[in-house]
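Numbering (our numbering), first residue to last: 6 to 135.
By construction, the Cβ of each residue, glycine as well, lies at the ideal position given by its N, Cα and C atoms.
These numbers were taken from a predicted model, which means no experiment stands behind them.
This report concerns only the one structure given below.
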Amino acid sequence: MYRAITRNIAVEVEPFYLVDQSEPSENRYVWGYRVTIENNSDEFVQLLSRYWHITDASGKVEEVRGPGVVGDQPELNPGDSYQYASGCPLSTPSGIMVGRYTMRNEAGETFEIAIPAFSLDLPDARHRLN
C-alpha cells in the first residue's frame with residue numbers, strides 16, 4: 006500500500022498484476038490499481054481532474070490527463086472517502102506511476118493533491134530473471 010497526504014486529504018494506492026489480461030510473450034503487462042481518497046480535512050472538496058506520469062522499465066514516459074476518475078468527479082464532505090479501480094498496460098514487466106489530482110473546495114479554490122509514486126512489478130520477478 007502506498008500513501009500520500011496533502012492538505013489532510015489522504016490518497017492510498019494498492020497496485021496488483023492482472024495475469025488474465027497480460028500476454029508477456031507479446032510484451033503486454035497489465036496492472037490494476039485501487040485508489041482510496043479520504044477527506045480528513047474540515048472542508049468539502051471535489052475531484053476535478055487527474056494527471057498521471059507513467060514510466061516503464063525502458064524509461065519510456067507516458068503522461069495521462071483528464072477530467073475526474075473513471076468517469077466521475079467525486080464530491081467528498083469532511084470524513085468521506087471514495088474508492089475506485091483502474092488499470093495500466095505496459096510493454097515492459099515493470100514500471101512506476103505517480104500523479105496528482107486537481108481538487109476544488111467550497112470557496113472555489115483549486116489545488117493539487119499528491120498521488121504517491123508506486124511500482125508496478127511482476128510477482129516474483131526477481132526469481133524469474135535469475
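Check: Determine the burial state of Glu111: buried for a count of at least 16 other Cβ atoms within 10 Å of its Cβ, exposed for fewer.; Outcome: exposed
Check: Taking all protein chains shown into account, decide if Glu17 is buried (16 or more other Cβ within 10 angstroms of its Cβ) or exposed.; Outcome: buried
Check: How many Å lie between Leu134 and Met102 at the Cα?; Outcome: With a pLDDT of 43 at Leu134, under the threshold of 50, the predicted position of this residue should be treated as unreliable, and no value is reported.
Check: Touch check for the stretch 105-120 and the stretch 37-56: three-plus C-beta pairs under 8 Å?; Outcome: yes
Check: Tell me, please, whether the stretch 38-52 touches the stretch 80-95 by the rule of three or more beta-carbon pairs shorter than 8 Å.; Outcome: yes
Check: Any idea which residues DSSP pairs Thr11 with across the strands?; Outcome: Ile14
Check: Check for me: the beta strand (DSSP E) holding Met6 runs from which residue to which?; Outcome: It is not in any beta strand (DSSP E) - Met6 carries neither H nor E in the DSSP assignment.
Check: If you compare alpha carbons, which of Tyr34, Tyr22, Ser124, Thr11 is closest to Ser46?; Outcome: Thr11
Check: Here's the rule: buried if 16 or more other CB atoms are within 10 angstroms of the residue's CB, otherwise exposed. What is Gly100?; Outcome: buried
Check: Flag this pair as yes or no: are the beta carbons of Ala62 and Pro20 separated by less than 8 Å?; Outcome: no
Check: Decide if Met6 is buried, meaning its Cβ has at least 16 other Cβ atoms within 10 Å, or exposed.; Outcome: exposed
Check: Looking at the structure shown, is Arg131 part of a helix, part of a strand, or coil, going by DSSP?; Outcome: Confidence at Arg131 is low in this model, with a pLDDT of 47, below 50, so the placement of that residue should be treated as unreliable; the coordinate-derived value is given next. Correct three-state label for Arg131: helix.
Check: May I have the straight-line CA-CA distance separating Asn32 from Ser86, to the nearest angstrom?; Outcome: 36 Å
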